[in-house]
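Residue 1 is where the sequence shown starts when you use full-length UniProt numbering, and the numbers rise one by one after that. Think of the CB as a built atom: it goes at the ideal place given N, C-alpha and C, for glycine as much as any other residue. Everything numeric in this text was worked out from a predicted model, so none of it was measured. Step one of this worksheet: look at the structure below.
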Amino acid sequence: MKVLIIEDEADLCDVIKSFLEGEKYMVEIANDYANGLAKLVNYDYDCVLLDIMLPGGTGMQLLTELRALGKDGSVIIISARDSVEDKVEGLELGADDYLAKPFHLAELLARIKTIIRRKNHHGEQAIQFKDIKLFPEERKVLVRTDELQLNRKEYDLLYYFMIRPEKLITKTSLAEAVWGDDADQSDNLDFIYSQIKNLRRKLKNYQAEVDFQAVYGVGYKMV
């Protein structure tokens, strides 16, 4: 799962990034309005942590831009401004939650999990496709009743496919979601093929009912 922090307090960014990476999230950072907008335009995120006051603009303006782009990633406003007016404005513009500074990292994590589960998992604790069941908060995967052992990248790839079953996913989208925003700058994306090959082999060993269908020159779909 991929999170973008748009926050100008560098120390706070580093603390949140380190904490979320410890929870196995992919984390990107933007420290001002312009960089935040560029990332929102060019990349997709499961959740955006958005400060209101930013150099060059405001978080409310970025939130407006995000929704105008038609992107439905979850947004949590994190701000020292704790007025009712700010909360109402943020929620009316399309934010999913509002967390006033200072906050406990455990509370932030709980809110991220809640809104991602609500949006991507329809409120369910587990995601299921055919005979595979994935538990995002535990990072556990079952093939029927047997637990499938995956490394971090294999799990992240499977999760990305599981919330988009039978949909064609481009190699660029997979690279950005699992390896980070800069992955699309790689000379080639052969590393994706290697990871999918390993994931397919493990699923086959468990006689799973799913497979990954390659669409030449474009990407893959889970069928």
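Taking every protein chain shown into account, the CB of Asn188 has fewer than 16 other CB atoms within 10 angstroms, so this residue is exposed.
With a cutoff of 8 Å on beta-carbon distance, Cys47 and Ile116 are scored as near each other.
In this structure, Leu174 keeps its C-beta atom at 8 Å or more from the C-beta atom of Ile163.
For Asp97, the uninterrupted beta strand (DSSP E) run begins and ends at Asp97 to Ala100, by DSSP. In the DSSP secondary-structure assignment, Val3 is bridged to Val27 and Cys47. Our two residues, Val3 and Ala34, have alpha carbons roughly 18 Å apart in a direct line. No Cβ-Cβ contact shorter than 8 Å links Leu168 with Lys133.
Per DSSP, the continuous beta strand (DSSP E) segment holding Ser74 begins and ends at Ser74 to Ser79.
DSSP places Gln149 outside any beta strand (DSSP E), giving it a letter other than H or E. With fewer than 16 neighbouring CB atoms inside 10 Å of its own CB, Asn205 falls in the exposed class. When the Cα atoms are used, Gln213 and Lys39 turn out to be separated by approximately 30 Å. Residue range Asp190 to Asn205 is occupied by the alpha helix (DSSP H) that includes Tyr193. In the DSSP assignment, Phe129 falls within the beta strand (DSSP E) that extends over Ile127 to Phe129. Counting only residues of its own chain and dropping the five nearest sequence neighbours on each side, Asp72 has a CB closer than 8 Å to the CB of Lys119. The C-beta distance from Lys171 to Gly219 rounds to 5 Å, short enough to meet the 8 Å contact threshold. Counting along the chain, Phe135 sits inside the beta strand (DSSP E) bounded by residues Ile132 to Phe135.
As DSSP reads the structure, Phe161 sits in no beta bridge. For Phe212, the enclosing beta strand (DSSP E) has its first and last residue at Phe212 to Val215. Taking C-beta separations shorter than 8 Å and ignoring five residues to either side along the sequence, the partners of Leu150 in its chain run Val141, Leu158, Leu199 and Lys202, following chain order. Sequence-distant partners of Arg144 (beyond 5 residues in either direction) whose C-beta falls short of 7 Å from its own C-beta, in its chain, are Asp131.
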